[in-house]
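Peer 1: In my numbering, the protein residues as written are 58 to 140.
This is the structure in structure tokens:
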């Protein structure tokens, strides 16, 4: 899986992207975010409020119940507002 982090999430996590094999306990977006939160304080801080992040899988916005797998690209970013 390829993970991409944007805006203030990237700053808190300390990297723009990473790749890893999906662990067995990760089957959907929500379980991925829970897994990531446990990876360290930067992840925990960035993902503490799941309502404050948006997720796209393979460039499509998805909900927390969307399945994920090793071949996916997952982008995590804050909500975007126009003006």
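The beta-carbon is built from N, C-alpha and C at its ideal position, and this holds for glycine as well.
1. Give me, in chain order, the residues of the same chain whose beta-carbon lies closer than 7 Å to that of residue 117; leave out the 5 immediate sequence neighbours on both sides.
2. Taking the alpha helix (DSSP H) that residue 64 falls in, what are its first and last residues?
3. What's the gap between the Cα of residue 130 and the Cα of residue 63?
4. Any idea if residue 107 is buried or exposed, counting beta-carbon neighbours within 10 angstroms, 16 or more meaning buried?
5. Report the rounded CA-to-CA distance for residue 59 versus residue 104, giving the unit in angstroms.
Peer 2: Quick look at the numbers:
1. Once the five neighbours on either side are set aside, residue 117 has no close Cβ partner at all.
2. In the DSSP annotation of this structure, the continuous segment of the alpha helix (DSSP H) that includes residue 64 starts and ends at 64-70.
3. Spanning the two alpha carbons is a distance of roughly 13 Å.
4. Under the 10 Å beta carbon count, residue 107 is surrounded by fewer than 16 other beta carbons and is classified as exposed.
5. Straight-line Cα distance between these residues: approximately 17 Å.
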